[in-house]
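For reference, the structure discussed in these notes is given below.
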């Protein structure tokens, strides 16, 4: 059985959440920027697992959306099982690092992955499929 460890960041600014279009879903699905834990995430932080996961979330936000973020806190953990694969994913609440600029003027083309990124209001989110809905909505309503 393959085991993966992933990390993602839910970024809420002015009542809007930043989501990226999933590459793996057969339907249109929007998710927080995130991806797999890599050796540099662990080596840069030493032995603290939570720090390694937060570094992963920050790196993925930069790779996927071209933005720098600050991690505020852990939102929750999710487990996914698909076939012979098991995934554990940590979701963090984050905010834009001021060096990323104004949220409405961010050039998402700076992201290395060239994934489609978009800010969604609560009203917009009623019209799209997004995941994990429980953690994203908690983050939006508590910010």
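Numbering (the working numbering), first residue to last: 337 to 479. Beta carbons are placed, not taken as given, at the ideal position from N, Cα and C, and that holds for glycine.
Problem - Through-space distance from residue 339 to residue 408, alpha-carbon basis - result: Straight-line Cα distance between these residues: approximately 27 angstroms.
Handout entry: Residues sharing a beta bridge with residue 467, DSSP
Key = The partner list for residue 467 (beta bridge, DSSP) is empty, contrary to what the question assumes.
Problem - Beta-bridge partners of residue 454, as assigned by DSSP - result: 355.
Exercise for the section: Could you please give the first and the last residue of the uninterrupted beta strand (DSSP E) stretch that includes residue 373? Expected result: Where residue 373 is concerned, there is no enclosing beta strand (DSSP E), given that its DSSP letter is neither H nor E.
Handout entry: Residue span of the alpha helix (DSSP H) that contains residue 391, given as start and end
Key = For residue 391, the uninterrupted alpha helix (DSSP H) run begins and ends at 385 to 401, by DSSP.
Problem - Segment contact, 8 angstroms Cβ cut-off, at least three pairs: the region 427 to 440 with the region 397 to 413 - result: By the Cβ test, the region 427 to 440 is in contact with the region 397 to 413, since at least three Cβ pairs between them sit closer than 8 angstroms.
Exercise for the section: Locate the beta strand (DSSP E) running through residue 432, then write down its first and last residues. Expected result: Counting along the chain, the unbroken beta strand (DSSP E) around residue 432 starts and ends at 421 to 432.
Exercise for the section: Assuming residue 369 contacts residue 397 (C-beta within less than 8 angstroms), just tell me the rounded distance between them. Expected result: Contact holds; Cβ gap of about 5 angstroms.
Practice task
Enumerate in chain order the residues of its own chain whose CB-to-CB distance from residue 403 is below 7 angstroms, with the five nearest sequence positions on each side excluded.
Solution key: Excluding sequence neighbours, residue 403 sits near 397, 432, 436, 442.
Exercise for the section: Can you say whether residue 464 is buried or exposed, counting buried as having 16 or more other CB atoms within 10 angstroms of its CB? Expected result: Flag for residue 464 reads exposed.
Problem - Short Cβ contact (8 angstroms threshold) for residue 475 with residue 356 - result: The answer is no: Cβ separation not under 8 angstroms.
Problem - Unbroken beta strand (DSSP E) run spanning residue 407, endpoints - result: That run of the beta strand (DSSP E) goes 405 to 418.
Problem - Cβ pair residue 417, residue 349 closer than 8 angstroms - result: No, Cβ-Cβ distance for residue 417 and residue 349 is not below 8 angstroms.
Practice task
Would you please state the rounded distance, in angstroms, between the beta carbons of residue 456 and residue 353? I believe it to be under 8 angstroms.
Solution key: About 6 angstroms separates the two Cβ atoms, so the contact holds.
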